[in-house]
Amino acid sequence: MKPLLPLYITAIIFAGCTEKPQADKAEIERFDSIVARYNAMDAADRAAFRNKYPDATLFITKGDTVNADSVIEAYSRSNALTMFGKDVNERLTMTDSLETILGEMKTSFSEKLPEVKWKRIIGVISTYNQSVILTDGALLLGLNHYLGSDYGAYSYFEPYQRTVKTPRHLPYDVAEALISDRFPFISGNESTLLNRTLYEGAVLAAVNDVVPGNDIAESMGYDSDAWKWLSENEKPMWNALIDREMLFSMDPAIADRMTRPAPATSILHPDAPGRAARYIGYKIVESYRKRHPEKTLQWLLSPEFYNSPTALIDSQYTP
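In structure tokens, the structure reads:
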């Protein structure tokens with residue numbers, strides 16, 4: 116598994132050789148840094164600050180517009196902001212590189228998935244487990260969720276959760292949030308695990324198409340050991356899905372257990388990494404795209420593809 120940032124730096128070097136123009140950076144607005152000074156602002160500056168960041172303000176105040184001033188002041192003095200704010204500034208040191216990657220992602224979206232509306236990216240300190248929060252006007256990015264898998268405050272998380280809490284995973288989270296928001300899973304009357312698996316694979320294909328220097332294992336949130344297990348056990352996993360008659364199961368609980376983040380996909384095998392169906396889905400979609408290069412990402416992300424009774428046959432997937 117190759118790290119994202121070095122790959123991207125290599126891409127910049129080669130791009131420079133051909134004098135290819137570089138994409139503009141996509142700014143991560145540092146609400147988290149400015150709000151720390153909120154208690155020192157006068158009334159006019161506070162009002163201007165809240166007006167500049169309405170989405171972040173609503174997030175912090177949970178929609179309490181009447182007491183917004185006092186709630187934000189309390190937030191600016193909170194232990195969470197004090198602790199995480201310092202560590203974000205010390206540990207998340209490659210902001211320029213991330214903004215360059217996000218800028219190229221923005222260009223990729225406009226070229227490959229113009230239906231996805233790029234949002235204003237606002238860095239916040241989030242005390243929720245969710246690292247990316249989408250609003251109508253912005254993407255709120257919990258920067259305290261990307262301080263490295265070795266970060267002490269993450270010790271209570273399980274290993275599979277810490278794996279994705281790194282700066283290099285941030286672009287994948289942003290891409291997947293935007294894609295899933297614009298192209299949500301639309302279940303049919305008799306949706307099966309296969310339909311959900313194909314959808315998850317299509318989302319991953321789109322994510323990897325728009326993230327520069329992508330690494331498929333990183334985008335799925337797998338470390339090298341998990342990726343090795345999946346690669347070596349792709350055929351046994353597929354056979355198990357068929358032999359246990361799960362592939363065409365319409366039980367939503369089975370689909371959730373196969374696709375939601377978890378330490379393992381124990382319903383399939385005790386050692387199978389979590390979200391194993393996403394790996395299978397990506398491999399099917401990859402096979403489909405090789406045989407149908409004319410099909411667009413929009414098509415793959417549509418119910419016409421993932422709810423089609425012939426999509427698996429047309430993919431000629433053979434693990």
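The sequence shown lines up with residues 116 to 434 when you count with my numbering. Heads up, the beta-carbon is just placed ideally off N, CA and C, and yes, glycines get one too. The model shown is predicted, which means the values in this text are computed figures rather than measured ones.
Output needed for Ile-237: all residues of its chain with C-beta closer than 8 Å, excluding positions within five of it in sequence on either side, in chain order.
Residue 237 sits at position 122 when you count from the first residue of the sequence shown. Beyond the five residues adjoining it in sequence on each side, Ile-237 comes within less than 8 Å, by CB distance, of Ile-143, Glu-144, Phe-146, Tyr-168, Asp-170, Ala-171, Ala-253, Leu-254, Leu-255, Leu-256 in the same chain, given in chain order.
Please state the DSSP three-state secondary structure of Ile-428.
In the sequence shown, counting from the first residue as 1, residue 428 sits at position 313. DSSP, reduced to helix, strand and coil, places Ile-428 within a helical segment of the structure shown.
If you draw a straight line from the C-alpha of Arg-206 to the C-alpha of Pro-282, how long is it?
In the sequence shown, the residue the question calls residue 206 occupies position 91. In the sequence shown, the residue the question calls residue 282 occupies position 167. When rounded, the distance between both Cα atoms is 9 Å.
Just to confirm the assignment, what range does the alpha helix (DSSP H) spanning Ile-357 have?
Sequence index remark: in the sequence shown, residue 357 carries index 242 (1-based). It spans 349 to 358 - the alpha helix (DSSP H) in which Ile-357 sits, taken as one unbroken run.
Assuming contact is defined by CB atoms lying nearer than 8 Å, are Ile-149 and Val-231 in contact in what I supplied?
In the sequence shown, residue 149 corresponds to position 34, counting from 1. In the sequence shown, residue 231 corresponds to position 116, counting from 1. In this structure, Val-231 does not lie closer than 8 Å to Ile-149 by Cβ.
Contact defined as beta carbons within less than 8 Å: I believe Gly-316 pairs with Gly-396. What is the distance between those atoms, to the nearest angstrom?
In the sequence shown, counting from the first residue as 1, residue 316 sits at position 201. In the sequence shown, counting from the first residue as 1, residue 396 sits at position 281. Yes, they are in contact, since the Cβ atoms of Gly-316 and Gly-396 sit about 3 Å apart, within 8 Å.
For the segment 211 to 291, list the beta strand (DSSP E) runs that are entirely contained and at least 3 residues long, ordered along the chain.
Runs found: 235 to 239, 247 to 249, 253 to 257.
Please report the straight-line C-alpha distance between Phe-199 and Arg-359, rounded to a whole angstrom.
On the sequence shown, position 84 is the one that residue 199 refers to. On the sequence shown, position 244 is the one that residue 359 refers to. Going by the C-alpha atoms only, they are around 46 Å apart.
According to DSSP, is Ile-143 part of a helix, a strand, or is it coil?
Looking up residue 143 in the sequence shown gives position 28. For Ile-143, the secondary structure class from DSSP, reduced to helix, strand or coil, is strand.
Counting pairs of Cβ atoms below 8 Å between the segment 311 to 327 and the segment 265 to 280, do you hit three or more?
At 8 Å Cβ cutoff, the stretches do not touch.
Quick one: what does DSSP say Ala-436 is sitting in, helix, strand or coil?
Since the displayed the chain opens at 116 and closes at 434, residue 436 lies outside it and no answer follows.
Are the CB atoms of Thr-374 and Arg-297 nearer to each other than 8 Å?
Locating residue 374 in the sequence shown gives position 259, where the first residue counts as 1. Locating residue 297 in the sequence shown gives position 182, where the first residue counts as 1. It is not a contact, given that the beta carbons lie outside the stated cut-off.
Just to confirm my understanding: we take Tyr-314, look at its own chain, exclude 5 residues before and 5 after, and list those with CB closer than 6 Å. What are they?
On the sequence shown, residue 314 is found 199 positions in, with the first residue counted as 1. Spatial neighbours of Tyr-314 in its own chain (CB-CB distance under 6 Å, excluding positions within 5 residues in sequence) are listed in chain order as Phe-300, Tyr-421.
If you measure between the beta carbons of Ala-151 and Ser-191, is that distance less than 8 Å?
What you label residue 151 is simply residue 36 of the sequence shown in a count that begins at 1. What you label residue 191 is simply residue 76 of the sequence shown in a count that begins at 1. Cβ atoms of Ala-151 and Ser-191: closer than 8 Å.
From Thr-197 to Asp-265, what distance separates their C-alpha atoms?
Position 82 of the sequence shown holds residue 197. Position 150 of the sequence shown holds residue 265. Those two C-alpha atoms are separated by around 20 Å.
Given 8 Å as the limit, is there contact between the segment 324 to 339 and the segment 286 to 293, that is, 3 or more CB pairs closer than that?
Judged by Cβ distances under 8 Å, the segment 324 to 339 makes contact with the segment 286 to 293, as three or more pairs qualify.
Status (buried if at least 16 other CB within 10 Å, exposed otherwise) for Ile-124
Translated into the one-based positions of the sequence shown, residue 124 becomes position 9. Annotation note: pLDDT 35 at Ile-124 (below 50); position unreliable, no value reported.
Kindly indicate which residue of Asp-338, Asn-329, His-384 has the alpha-carbon position closest to the one of Leu-356.
Numbered from its first residue, the sequence shown carries residue 356 at position 241. Minimum Cα distance to Leu-356 is reached at His-384.
Starting from the C-beta of Lys-221, find all residues in its chain whose C-beta is less than 6 Å away, skip the five residues before and the five after it, and write them out in chain order.
In the sequence shown, counting from the first residue as 1, residue 221 sits at position 106. The answer, listed in chain order, is Ala-141, Trp-233.
Cut-off 6 Å between Cβ atoms - residues of its own chain near Lys-350, not counting five sequence neighbours on either side:
Within the sequence shown, the letter at position 235 stands for residue 350. Result list for Lys-350: Pro-434, in chain order.
Would you call the CB atoms of Met-335 and Tyr-394 closer than 8 Å?
Taking the first residue of the sequence shown as 1, we reach residue 335 at position 220. Taking the first residue of the sequence shown as 1, we reach residue 394 at position 279. Remark: C-beta atoms of Met-335 and Tyr-394 approach each other more closely than 8 Å.
Of the residues Gly-389, Met-352, Ala-370, which one's Cα is nearest the Cα of Pro-378?
Your numbering for residue 378 matches position 263 in the sequence shown. Out of Gly-389, Met-352, Ala-370, Gly-389 has the C-alpha closest to the C-alpha of Pro-378.
Assuming Ile-240 contacts Ala-195 under a Cβ cut-off of 8 Å, what Cβ separation, rounded to an integer in Å, is found between them?
Position 125 of the sequence shown, counted from the start, is the residue given in the question as residue 240. Position 80 of the sequence shown, counted from the start, is the residue given in the question as residue 195. The beta carbons of Ile-240 and Ala-195 sit about 6 Å from each other, so the pair counts as a contact at 8 Å.
For the alpha helix (DSSP H) containing Val-318, list its first residue and its last residue.
Taking the sequence shown and counting its residues from 1, one reaches residue 318 at position 203. Val-318 -> alpha helix (DSSP H) spans 308 to 325.
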